[in-house]
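Written out below as C-alpha cells is the structure these notes cover.
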Amino acid sequence: MRASTIAKIVAALLVVLVVAVVGAGKSLKSEAYNRFLAERVKAATGLDLSFAGVTKLKLGPSPVLSFTGVTLSAAGGKGGPLLYIDRIEARVALVPLALRQLRLDSITLIRPVLDLRQLGALGPTRPLDLTEAPAGAPITRPALSELRIEDASVRWTDGHLQVAKASFHPETEAGGPLSLQLDGIWQNTPVSLSGVIGPLSSLAGGKPYPVQFKGSVGGANLTLRGSLAAPLAGKGLDLELRAQGEEMSDLLRLGPTTATPQALGPFKLATRVTDAAGSVALSDLDAVIGRRDAQLITLKGQVGDVLRRRGMDMLVTLESESLSLLMRMLSQDLPNAGPVKLSAHLSDIENGWRLTGLKSNLGKSDLAGELSLVQTPRPRLYGRLSASQLFLGDFSLPPPRSGGQAQPSQPQRPAIPIDDGRILGVDALALDLIKDLDAALSIAVGRLHWGSTTVTDATAELRLAAGRLGLENFAARSGDGRLNGEIRLDAAAKTPALALRLAGGSVDPGMLTGGALKGTKADFAFDLKAQGTNMRLLAGSAEGSLVLTLGESVLDKGKGGELSARLARDLDPASQRSGELHLRCLVARLPVKAGLISFDKGLGAETPSSAALASGSIDLRTESLDIAVASRTAPLLRVRGVLGAPVVSSESGGKPLADANPCRTAQARRLPR
C-alpha cells in the first residue's frame, strides 16, 4: 500500500474521531449530568451533592471535564458543608470519548475545603456506582492514574491543615493501593508526607483500611503504619507511630494548647495509637526526651485520651541539672533544686497530675512520697513528702517577676555596691510563688540541715492559700531536746507581714551551731513579728523577744567568729592557752521593739575564772551596735560599729563587775509584753 493511501486513511480516521468527539461533547447536558451524579452520591453516602456552576467539557487533544462550586453536605445542609471544592478538572481519554464514554484518566481538585467536624453527618456508605449512562450524557468510567489536590484546607475542632499540593497514584488503572505525596502547613509548621494507603474502593468497605506514611512535621521525622476501621469517619485507629527530632517543643506546639512549650531538647518515641474507647489513646508508649548532660526524661506507659490529656498511666524518670526545668514543663515556677534524679508513677487527676511512688535525689537531699498538682481554677500542690536527708541549701526560690524593684519606702540599692558592713539584704523577697500557688504538704525529715544547723525527726505541715503561707506544727529533735514552732507569712497584705515563733527545750547546742558550741543543754524562745518586702525592712520593723539560756558548754573560738575570739581574750585571758572558751552559763533576754533591741543587763555570761554582764542596744534598722560589757577581770569593753563589722574597744575608768551571778541577773530581766 502506498504512503499516500495510508495518509488518506489516517486523515479520514482523524476526521471521524474529531466528529465523534465533537458529537460526544455536544451530547453532554450539564443539568442532567449533575443531577445524575447527585443521585449516585446520595445513594452511596446519603449526602447531598450540588454544583454552583455549569459542568463543561473542553475539547482538544486532551479533553477536560470541569465542575464549579461543588458542595457535599448533610441532608438539609445543617452545620455547614462537609466538603466544598472551588473547581474540579478531570482529564478525559480522547478515543473512549469518541465512543461516548467519559474515561477519567486524572482528576485535580482545586481549593477544596474539608471540614472534619461534619463527619458525624456521614452514615453507612456503599461504593459509588456510575455504570449506567445518564440521559443526555456519555457513560462515565473512572480509570484514574492520578488524583491531584491544590491549595486545600482540612479543618477540625482544634486546628487545620493547609495543603499546598498533594498527589495520589493508584497501583493500576483498575485501582489497588494508592501511593501519595503531600506538602502543607499544620499549625504554622511545615508538613511533608509520603506513603501508601489502601484503594479508594475500600474506603467504604467493612475491612480495616491500611495506611503507611513517613515524612516530617517541622523538625520531627515520623513513620506511621497500621489501619483504620472507618477511614471516612476518621475512626477505628490502630496505628504504630515512631517519631524523633531535635526539639520536642516543636512537636508539642502542634497540640490543642495555646501555651508556648519550653525547649526540652531532642526526642525519640514509639507508641501505638488507637481509639477503641472513643478517644485517641496511646499505649506501649516509650519515649526519651532531652540530653543526659542537661535534662533527660523517659516515659513508659499509656495515655487514655490524648486530646484531653487524660488517662495517663506512666512511669517517669528524670535526670536534670535543675528541678526548675521540669516545673517549666508544667507551666509552674516552683523552687529550684539541682542536680535532680527522680522516678515516679505519673497519672492524671481532674485538671491536673499526680506523682506516686516518688523517689528522688535533689542535690544532697532525697525525697519520697506523692504529689498532686491541680492547675485550675488556681494552681494547687498537695501531698506528702519524706526525706532521710534534706539540705535546705539545695533549694532556691525563683527570682521575683518584678525584678526586685524596691518600693518607695525601701532603701535603694546603689549602682556600685558598697561594703559598709551591713549584712541584711535589700533584695526583694520572692513572693510571686506564694501569690500564684496554693499548697498543702505534709513533710517528715530524718535529718534537716540549714546552714550549720542540724535537727532530726523534723515534721511540719506546709499550708499556702490566697497569698498566705504557713509552716505549721513544726517539731524536731536536737539531741535529747525538742523544738517546735511555726512561721506565717502574709504576702496578700499591702505590706507583707511575717510572724515567727520557735522554741527549744534541752536542745543540743552543738547540732544547732555546727559544733561551734558543745556541752550541756540549751533552752531558747524566739517570738517575732515584722513587716517588709526585704530582709532589711523586716528586721527594721521587728517586734517581740529573743530568749536564750545555755548551761555548761565550750565555745570553739575558731568557729565563733572574730568578735567571739576578741571578747574571750579580753574577758577571760586564761582561755588564750587553748582554742576553746569554757562557759558555765550564758543567758540572753532581749526585747525587740520597732527594730530596736535595747537591753539593760539582759545579757550575762560566766566562765570558771571570769564573768560578764552586758547592756546596750542593737538597732536593726541601721544594723548599728552600742553595747557595754562589764567584767571582773578586764576594763569596760565597748562594742560599736555594725553587725557585719563590729569594733571592740576598752574604756579606762569603768567599774569592774560587782554582780555575783550575771547569768541569774540576766535571767531575772522582764520582757515587755
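FYI, UniProt numbering numbers position 507 of the sequence shown as 507, with every residue one higher than the one before it.
Using N, Cα and C, we set each Cβ at its ideal position, and we do this for glycine too.
Note that the structure is a prediction, hence the values are computed from the model and not measured.
Short CB-CB distance (under 8 Å) between residue 313 and chain D: Of the chains in the structure shown, none is chain D; there is only one protein chain.
Boundaries (first-last residue) of the beta strand (DSSP E) holding residue 667: Against the sequence shown, residue 667 aligns to sequence position 667. From DSSP, residue 667 is part of no beta strand (DSSP E) but of the alpha helix (DSSP H) over 662 to 667.
Beta-carbon spacing of residue 648, residue 550 below 8 Å: In the sequence shown, counting from the first residue as 1, residue 648 sits at position 648. In the sequence shown, counting from the first residue as 1, residue 550 sits at position 550. No, these two residues do not count as a Cβ contact at 8 Å.
Inter-stretch contact (C-beta, 8 Å, three-pair minimum) for the region 485 to 501 and the region 440 to 450: No: the two stretches stay apart, fewer than three of their Cβ pairs being nearer than 8 Å.
Proximity to residue 384 [Cα-Cα], best of 436, 459 and 310: Residue mapping note: residue 384 aligns to position 384 of the sequence shown, counting from 1. Here the closest residue by C-alpha is 459.
The region 301 to 321 in contact with the region 280 to 288 per 3-pair CB rule at 8 Å: Counting Cβ pairs under 8 Å, three or more are found: they touch.
Contact the region 424 to 435 vs the region 652 to 665: 3+ CB pairs below 8 Å: Contact between the region 424 to 435 and the region 652 to 665 is absent, because fewer than three Cβ pairs lie under 8 Å.
Between the CA atoms of residue 461 and residue 350 - distance to the nearest angstrom: Position 350 of the sequence shown, counted from the start, is the residue given in the question as residue 350. Position 461 of the sequence shown, counted from the start, is the residue given in the question as residue 461. Cα to Cα, residue 350 sits roughly 24 Å from residue 461.
Outcome for residue 494 when other beta-carbon atoms lying within 10 angstroms are tallied against a minimum of 16: Counting from 1 along the sequence shown, the entry for residue 494 is found at position 494. Label assigned to residue 494: exposed.
Residue of 623, 457 and 624 minimising C-alpha distance to residue 481: For the purposes of this step, residue 481 is identified with residue 481 of the sequence shown, where counting begins at 1. Comparing Cα-Cα distances from residue 481 to each of 623, 457 and 624, the minimum goes to 457.
Backbone secondary structure at residue 466 - three-state DSSP: Residue 466 sits at position 466 when you count from the first residue of the sequence shown. Coil, per DSSP.
Between the CA atoms of residue 573 and residue 524 - distance to the nearest angstrom: For the purposes of this step, residue 524 is identified with residue 524 of the sequence shown, where counting begins at 1. For the purposes of this step, residue 573 is identified with residue 573 of the sequence shown, where counting begins at 1. About 29 Å.
Identified DSSP bridge partners for residue 274: Translated into the one-based positions of the sequence shown, residue 274 becomes position 274. Answer by DSSP bridge pairing, in chain order: 238 and 281.
8 Å Cβ cutoff met for residue 290 and residue 297: Along the sequence shown, read from residue 1 onward, the residue named residue 290 stands at position 290. Along the sequence shown, read from residue 1 onward, the residue named residue 297 stands at position 297. Against a cut-off of 8 Å, the Cβ pair of residue 297 and residue 290 comes out as a contact.
The alpha helix (DSSP H) enclosing residue 42, as first and last residue numbers: Here the question's residue 42 lines up with position 42 in the sequence shown. Boundaries of the alpha helix (DSSP H) harbouring residue 42: 30 to 45, taken from the DSSP string.
Residue 387 classed as buried or exposed, judged by whether at least 16 other C-beta atoms fall within 10 angstroms: Taking the first residue of the sequence shown as 1, we reach residue 387 at position 387. Residue 387 is classed as buried because its beta carbon has at least 16 other beta carbons within 10 Å across all chains shown.
Cβ-based burial, residue 392 [other Cβ within 10 Å; buried from 16]: If you number the sequence shown from 1, residue 392 lands on position 392. Burial call: exposed.
Residue 126 burial status per 10 Å Cβ neighbour count (16 or more: buried): The residue you call residue 126 lines up with position 126 of the sequence shown. Answer is exposed; the Cβ neighbour count stays below 16.
Inter-residue CB distance, residue 195 and residue 212 (contact presumed, cutoff 8 Å): As a working note, residue 195 is residue 195 in the sequence shown. As a working note, residue 212 is residue 212 in the sequence shown. About 5 Å separates the two Cβ atoms, so the contact holds.
Three-pair Cβ contact test at 8 Å for the region 578 to 598 versus the region 631 to 646: Touching, no.
CB-CB length for residue 425 against residue 534, believed under 8 Å: Translated into positions along the sequence shown, residue 425 becomes position 425. Translated into positions along the sequence shown, residue 534 becomes position 534. With 8 Å as the limit, residue 425 and residue 534 qualify as a contact, their Cβ atoms being about 6 Å apart.
Residue 320 versus residue 445: straight-line alpha-carbon distance, rounded: Here the question's residue 320 lines up with position 320 in the sequence shown. Here the question's residue 445 lines up with position 445 in the sequence shown. Spanning the two alpha carbons is a distance of roughly 23 Å.
As assigned by DSSP and simplified to three states, the class of residue 118: As a first step, residue 118 is located in the sequence shown; it is residue number 118 there, counting from the start. Residue state, collapsed to three classes: helix.
Cα-Cα separation, residue 37 to residue 130: Translated into positions along the sequence shown, residue 37 becomes position 37. Translated into positions along the sequence shown, residue 130 becomes position 130. Our two residues, residue 37 and residue 130, have alpha carbons roughly 8 Å apart in a direct line.
Beta-bridge partners of residue 295, as assigned by DSSP: For the purposes of this step, residue 295 is taken as the residue at position 295 of the sequence shown. Residue 295 is bridged to 291 and 320.
Local conformation of residue 414 per DSSP, three classes: Here residue 414 refers to the residue found at position 414 when the sequence shown is read from its first residue. Here residue 414 scores only 48 on pLDDT, less than 50, and its place in the model should not be relied on; the value that follows carries that caveat. Three-state DSSP puts residue 414 in coil, outside helix and strand.
Endpoints, alpha helix (DSSP H) assigned at residue 537: Taking the sequence shown and counting its residues from 1, one reaches residue 537 at position 537. 535 to 540 is the extent of the alpha helix (DSSP H) around residue 537.
When 267, 616 and 594 are compared against residue 601, the one with the closest alpha-carbon: Mapped onto the sequence shown, residue 601 falls at position 601. Closest by alpha carbon: 616.
Reduced DSSP category for residue 203 - H, G, I as helix; E, B as strand; rest coil: Within the sequence shown, numbered from 1, the residue matching residue 203 stands at position 203. Coil.
Cβ-based burial, residue 359 [other Cβ within 10 Å; buried from 16]: Sequence index remark: in the sequence shown, residue 359 carries index 359 (1-based). Its Cβ having fewer than 16 others within 10 Å, residue 359 is exposed.
Classification of residue 423 by the beta-carbon crowding that lies within 10 angstroms, buried from 16 upward: Residue mapping note: residue 423 aligns to position 423 of the sequence shown, counting from 1. Exposed, since its Cβ has fewer than 16 Cβ neighbours within 10 Å.
Option nearest residue 227 by Cα separation, candidates 218, 219, 208 and 215: Along the sequence shown, one-based indexing puts residue 227 at 227. Ranking 218, 219, 208 and 215 by Cα distance to residue 227 puts 208 first.
Where residue 453 sits in the DSSP three-state scheme: One-based indexing of the sequence shown puts residue 453 at position 453. Strand.
Environment of residue 411 [buried if 16+ CB atoms lie within 10 Å]: Sequence index remark: in the sequence shown, residue 411 carries index 411 (1-based). Below a pLDDT of 50, predicted positions are generally treated as unreliable, and residue 411, at 47, falls in that range; the measurement from the model is reported next regardless. Counting of Cβ neighbours within 10 angstroms places residue 411 among the exposed residues, the total staying below 16.
Cβ neighbours of residue 361 in the same chain (closer than 6 Å, five flanking residues each side left out): Position 361 of the sequence shown, counted from the first residue, corresponds to residue 361. The beta carbon of residue 361 sits closer than 6 Å to the beta carbons of 341 from its chain, once the five residues preceding and following it are set aside; these are given in chain order.
Beta strand (DSSP E) segment containing residue 591, residue limits: Counting from one through the sequence shown, the residue named residue 591 turns up at place 591. Counting along the chain, the beta strand (DSSP E) containing residue 591 begins and ends at 585 to 593.
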